[in-house]
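Here the structure comes first, spelled out in structure tokens, and everything after it is commentary.
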Amino acid sequence: MSEFSAYNFKGQKALIRVDFNVPLNDKFEITDDTRMRAAVPTIKKIISDGGMVILMSHLGRPKEGPTDKFSLKHLVKHLSELLGGTTVFFANDCVGEQAYLTANMMRPGEVLLLENLRFYKEEEKGDVKFAEKLSKLGDVWVNDAFGTAHRAHASTAVIAQFFPAEKRMFGLVMEGEVASAEKVLHRAEKPFVAIIGGAKVSDKILIIENLLERATDIIIGGGMAYTFMKAQGGKIGSSLCQEERLQTALDILKKAEAKGVCIHLPPDSVIADNFAADAQTSVAPSNNIPDGWMGLDIGNMACEQFSNIIKNSKTILWNGPMGVFEMSKFQHGTKAVAVAIAEATQNGAFSLVGGGDSVSAINQFGFAEKVSYVSTGGGAMLEYFEGKVLPGIAAVNS
Ligand code: AMP
């Protein structure tokens, strides 16, 4: 593998796998361009070297071949604007004749966007022949799509075999993601706190187990905390609970104790008589919630306790909200955690926030600039922290 920043793209056609899977409204307008903006520095570096940029991505989950709804043509105009007015050519098939002709006629500084890779079922199947066809479009393969790095698709991993090691590399998005995840996983300065929230214990078991080998403290909040409360004999009313995971919760607590990792559960909760924005609310110990009531956020005592742990940490990993932050009555706990992380970061801690909902929360509260790194890949980030090898990373490294 080559290092992107050190590589000179002059006269080279760089085939970049980007993650342009952006949300579009009914009028095909982009409602959140974060992923497109993230790729701009990678594209600009290649242009400024005098290289040619060929972009490939998926968009949505098209079921049966090409459809207007999932066409990447809707992104051309905005991409051109993001690149300061650079003309962006579009090929309405990612491997057809037009794609090859356009790619062959490109001049230095030009940008070509290919049509949705998933219009071919071969993409998700990781078809070798399809990957080979794609590979013919470029001289160098750049993987900059962290969001799909956990998939062994044709364009994200299988294609690597058609480029020699010095002609495959991470783009700047991937470089940033890998560097910050590696720092937390393998070079974490202690104390290291992991804050894990969200709805289900089952989604987070593997990440917690891997973190038991690394973290000093693990804070567990959100809906999943009540499965832990019930497992220890607590009364949780009608709070979220995964009955089939009660034993798993006890096993995690036991393993943590054996390894000397402190698991922190919220001592109190904001409870509601209904899962609704206008529900009646009250506060109760998290292990003594009255019948008919449910815990929808961590309480003030928990906020204070969790904030102190976070502020005393040197490495912070956050995945998952502390409550139903989408409703204003239940967002206090998630906000308190975001504030504490921002403060710890200002005082020199390294903080990494990842996973769809914690990223939306941090954006919603305006804290994205106040943490060290915000990961762009939900599923990929989770699998990375579960300790799995991601095919999109292995393909570049091998
Ligand atoms: P996840 O996708 O597992 O990270 O879960 C995120 C979702 O968990 C968000 O939509 C939250 O609203 C939800 N959530 C967080 N805390 C609770 C809770 N105490 N009860 C029910 N849902 C919750």
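Residue numbers (our numbering): 342 to 739. Note that the Cβ used here is the ideal one computed from N, Cα and C, for glycine as well.
So, helix, strand or coil for S476, using DSSP?
Taking the first residue of the sequence shown as 1, we reach residue 476 at position 135. S476: helix per DSSP, three-state reduction.
Pairing CB atoms from the stretch 640 to 657 with CB atoms from the stretch 695 to 711, are three or more of them under 8 Å?
Segments in contact, no.
For L396, which residues from the same chain have a beta carbon less than 6 Å from its beta carbon, with the 5 sequence-adjacent residues on both sides left out?
Position 55 of the sequence shown, counting from 1, holds the residue named residue 396. I357, V359, L454.
Among E523, N484, G640, which has the Cα closest to the Cα of A506?
Locating residue 506 in the sequence shown gives position 165, where the first residue counts as 1. Checking every option, the nearest Cα to that of A506 belongs to N484.
Out of I536, L553, I546, C582, point me to the one whose CA is closest to N649's CA.
The residue given as residue 649 occupies position 308 in the sequence shown. When each option's Cα is compared against that of N649, the closest is I536.
Output yes or no for whether 7 Å exceeds the beta carbon distance between E727 and L526.
In the sequence shown, residue 727 corresponds to position 386, counting from 1. In the sequence shown, residue 526 corresponds to position 185, counting from 1. The answer is no: Cβ separation not under 7 Å.
On a CA-only basis, which of E523, I560, N349 is nearest G661? Give me that one, please.
Here residue 661 is taken as the residue at index 320 of the sequence shown, counted from 1. For the residues E523, I560, N349, the minimum Cα distance to G661 belongs to I560.
Assuming S716 and E518 are in contact, meaning their beta carbons sit under 8 Å apart, how far apart are those beta carbons, in whole angstroms?
The residue labelled residue 716 in the question sits at position 375 within the sequence shown. The residue labelled residue 518 in the question sits at position 177 within the sequence shown. Confirmed, about 6 Å.
What are the boundary residues of the alpha helix (DSSP H) that T383 is part of?
Here residue 383 refers to the residue found at position 42 of the sequence shown. Segment 375 to 390, the alpha helix (DSSP H) holding T383.
Taking just the CA atoms, how far does P532 sit from S713?
Working through the sequence shown from its first residue, we reach residue 713 at position 372. Working through the sequence shown from its first residue, we reach residue 532 at position 191. If you take the alpha carbons of S713 and P532, they lie about 16 Å apart.
Could you tell me which residues DSSP pairs with F533 in its beta bridges?
Counting from 1 along the sequence shown, the entry for residue 533 is found at position 192. The partner list for F533 (beta bridge, DSSP) reads T656.
Between A566 and L591, is the Cβ-Cβ spacing less than 7 Å?
On the sequence shown, residue 566 is found 225 positions in, with the first residue counted as 1. On the sequence shown, residue 591 is found 250 positions in, with the first residue counted as 1. Not a contact, by the Cβ cut-off of 7 Å.
For the ligand AMP, is there any heavy atom lying closer than 6 Å to the beta carbon of L552?
Looking up residue 552 in the sequence shown gives position 211. It does not: the Cβ of L552 is nowhere closer than 6 Å to a heavy atom of the ligand AMP.
For the ligand AMP, is there a heavy atom less than 6 Å away from the beta-carbon of P662?
Residue mapping note: residue 662 aligns to position 321 of the sequence shown, counting from 1. True, at least one ligand heavy atom lies under 6 Å from that Cβ.
Kindly examine the ligand COA and report whether one of its heavy atoms sits closer than 6 Å to the Cβ of K541.
The ligand COA is absent from the structure shown, which contains only the ligand AMP.
Taking only three categories from DSSP, how would you classify R509?
The sequence position of residue 509 within the sequence shown is 168, counting from 1. In the structure shown, R509 sits in a strand (DSSP, three-state: E or B).
Can you give the beta carbon distance from P607 to S627, rounded, assuming they're within the 8 Å contact cut?
In the sequence shown, counting from the first residue as 1, residue 607 sits at position 266. In the sequence shown, counting from the first residue as 1, residue 627 sits at position 286. That belief holds up - the Cβ atoms of P607 and S627 are roughly 5 Å apart, short of 8 Å.
On the DSSP bridge assignment, give the partners of Y714 in chain order.
For this step, residue 714 is matched to residue 373 along the sequence shown. BP columns for Y714 point to L693.
Taking one C-beta from the stretch 414 to 433 and one from the stretch 342 to 355 each time, how about it: are there three or more such pairs within less than 8 Å?
With a cut-off of 8 Å, the stretch 342 to 355 and the stretch 414 to 433 do not count as touching, because too few Cβ pairs lie within range.
Given a cut-off of 7 Å, decide if T622 and K670 are closer than it, judged by their beta-carbon atoms.
Against the sequence shown, residue 670 aligns to sequence position 329. Against the sequence shown, residue 622 aligns to sequence position 281. Cβ atoms of K670 and T622: closer than 7 Å.
What's the call for A735, buried or exposed, on a 16-neighbour Cβ count within 10 Å?
What you label residue 735 is simply residue 394 of the sequence shown in a count that begins at 1. The residue in question, A735, is exposed, as its Cβ has fewer than 16 Cβ neighbours within 10 Å.
Could you tell me the distance, in whole angstroms, from the CA atom of T408 to the CA atom of M635?
Taking the first residue of the sequence shown as 1, we reach residue 408 at position 67. Taking the first residue of the sequence shown as 1, we reach residue 635 at position 294. Cα-Cα distance, rounded: 44 Å.
Distance, Cα to Cα, F369 vs H399?
What you label residue 369 is simply residue 28 of the sequence shown in a count that begins at 1. What you label residue 399 is simply residue 58 of the sequence shown in a count that begins at 1. Looking at the two C-alpha atoms, the distance is approximately 15 Å.
Over what stretch of residues does the alpha helix (DSSP H) that includes M397 continue unbroken?
Here residue 397 corresponds to residue number 56 of the sequence shown, with the count starting at 1. From DSSP, M397 is part of no alpha helix (DSSP H) but of the beta strand (DSSP E) over 393 to 397.
I'd like to know if S412 contacts chain C, where contact means its C-beta is closer than 7 Å to some C-beta of that chain.
No chain C is present in this structure, which holds just one protein chain.
Quick check: the Cα distance between K524 and L731, rounded to an integer number of angstroms?
For the purposes of this step, residue 524 is identified with residue 183 of the sequence shown, where counting begins at 1. For the purposes of this step, residue 731 is identified with residue 390 of the sequence shown, where counting begins at 1. Between K524 and L731, the C-alpha separation is close to 16 Å.
Quick one: is V624 buried, meaning 16 or more other Cβ sit within 10 Å of its Cβ, or exposed?
Your numbering for residue 624 matches position 283 in the sequence shown. With fewer than 16 Cβ atoms within 10 Å of its Cβ, V624 is classed as exposed.
Which two residues bound the contiguous alpha helix (DSSP H) that contains M570?
Working through the sequence shown from its first residue, we reach residue 570 at position 229. Taken as a continuous stretch (DSSP letters only), the alpha helix (DSSP H) holding M570 covers 566 to 572.
Only counting the same chain, and skipping five residues up and downstream in sequence, which positions put a Cβ closer than 7 Å to that of R586?
By 1-based counting over the sequence shown, the position of residue 586 is 245. Cβ neighbours of R586 beyond the five flanking positions: V542, S543, T568.
Whole angstroms are fine: how far does the CA of M570 sit from the CA of M515?
Your numbering for residue 515 matches position 174 in the sequence shown. Your numbering for residue 570 matches position 229 in the sequence shown. If I take the Cα positions, the gap works out to 38 Å.
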